[in-house]
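Mapping the sequence shown onto the working numbering, position 168 (from 1) lands on 168, and the numbers just tick up by one.
Ideal placement from N, C-alpha and C gives every residue a C-beta, glycine not left out.
Note that the coordinates shown come from a computational prediction; the quantities given were computed from them, not determined experimentally.
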Amino acid sequence: MRPIVHIPKSVLSTPARRVITFDKKLQQLIADMKETLLAAKNPKGVGLAAPQVGAALQLFLTKPSAKDDIRVFINPEIIHMEQEDPKEKKLEHLEGCLSIPNIWGDVKRAPTLTIHYQDEHGAAHEETMTGFLATIIQHETDHINGILFTQRVLEQKNKLYQNAKDDNGKEILEEIVI
Ligand code: ZN
1 MRPIVHIPKS VLSTPARRVI TFDKKLQQLI ADMKETLLAA KNPKGVGLAA PQVGAALQLF
61 LTKPSAKDDI RVFINPEIIH MEQEDPKEKK LEHLEGCLSI PNIWGDVKRA PTLTIHYQDE
121 HGAAHEETMT GFLATIIQHE TDHINGILFT QRVLEQKNKL YQNAKDDNGK EILEEIVI
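As C-alpha cells, then:
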C-alpha cells in the first residue's frame with residue numbers, strides 16, 4: 001500500500017510518462033496501488049491513477065462497484081468519444097477524487113468512448129465502454145494528463161461543493177463560492 005498524494009502536489013498537475021518496461025518494479029507498483037484502492041473508504045475508491053501515489057506513470061486502475069474486479073490500464077489513449085446528443089438530458093454526475101478530499105462537483109462526461117491501452121503484461125487492447133466505467137476512464141485519463149476534475153467543473157461552469165454539517169450536525173454538501 002502507498003499513501004495517497006493530495007493537492008497541490010505537482011505530480012498531480014504534470015502529464016505522466018509512458019510505461020516502457022513491464023518489469024517487476026511495475027508489477028509491485030500495480031500490486032501496491034490495488035491495496036491502496038481497496039483501502040480507500042472516504043470516498044470509496046472507484047479508480048486510482050499512478051500520479052495519485054506519487055508515480056508519474058501512465059497507469060490507472062478502475063473498480064466501478066464492489067462486485068467488479070480491479071482492472072489495469074497502461075498507456076491509455078482515448079481514441080474516440082461519442083459526442084453528446086443535444087436532445088438528451090445532460091450526463092452530469094457528482095464527482096469526487098481521493099486526492100481532493102471532501103470536495104465534489106458536477107462534471108459532464110461523454111457517455112461512450114473507445115480506449116486503446118496496454119495491460120499489465122504489455123499486450124495492447126482496444127475497447128468501447130459506456131456508463132459509469134466510461135466516466136471513471138475519463139476521470140483517470142485526465143489524471144494521466146495532469147488534469148483534475150475540479151478543472152473540468154470550472155470549465156463547464158458548474159458548481160463545486162464541500163462536505164459540511166448543518167445546524168443539527170447532519171452531513172450536507174455546501175456550495176463553494178469562488
Ligand atoms: Zn481522481
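Contact under 9 angstroms by Cβ, residue 113 with residue 82:
In contact: residue 113 and residue 82 (Cβ atoms closer than 9 angstroms).
Threshold first: 4 residues or longer. Then list the alpha helix (DSSP H) segments lying entirely within the region 118-165, N to C.
Along the length of the region 118-165, whole alpha helix (DSSP H) runs at least 4 residues long occupy 131-144 and 149-155, reported in chain order.
Can you name the start and end residues of the alpha helix (DSSP H) that residue 30 belongs to?
Start and end: 24-39.
Do you know how far the Cα of residue 72 is from the Cα of residue 128?
Approximately 15 angstroms, taken between the alpha carbons.
Nearest to residue 65 by alpha carbon, out of 173, 75, 132 and 3?
Here the closest residue by C-alpha is 132.
Bridge partner(s) assigned by DSSP for residue 44:
The partner list for residue 44 (beta bridge, DSSP) reads 41.
So what does residue 106 bridge to, in DSSP terms?
Looking at the DSSP assignment, residue 106 forms a beta bridge with 94.
According to DSSP, what are the bridge partners of residue 175?
Checking the DSSP bridge columns, you'll see residue 175 partnered with 161.
Who are the Cβ neighbours of residue 130 in its own chain at under 7 angstroms, not counting the five residues just before and after it?
Same-chain partners within the cutoff: 111 and 112.
Does the Cβ of residue 98 lie closer than 8 angstroms to at least one heavy atom of the ligand ZN?
Yes, the Cβ of residue 98 comes within 8 angstroms of a heavy atom of the ligand ZN.
Find the nearest neighbour of residue 97 within the set 126, 74, 52 and 23, judged by alpha-carbon distance.
Selected option, being the one with the closest Cα: 52.
Among residues of its own chain, excluding the 5 on either side of residue 92, which ones have a beta-carbon nearer than 6 angstroms to its beta-carbon?
Shown here for residue 92: same chain residues with a beta carbon closer than 6 angstroms to its own, the five before and five after excluded, namely 106 and 108 in chain order.
Helix, strand or coil at residue 53 [DSSP, three-state]:
Helix, per DSSP.
Quick test of the definition: if touching needs 3 or more C-beta pairs under 8 angstroms, does the region 57-64 touch the region 17-33?
The region 57-64, when compared against the region 17-33, does touch it at the 8 angstroms Cβ threshold.
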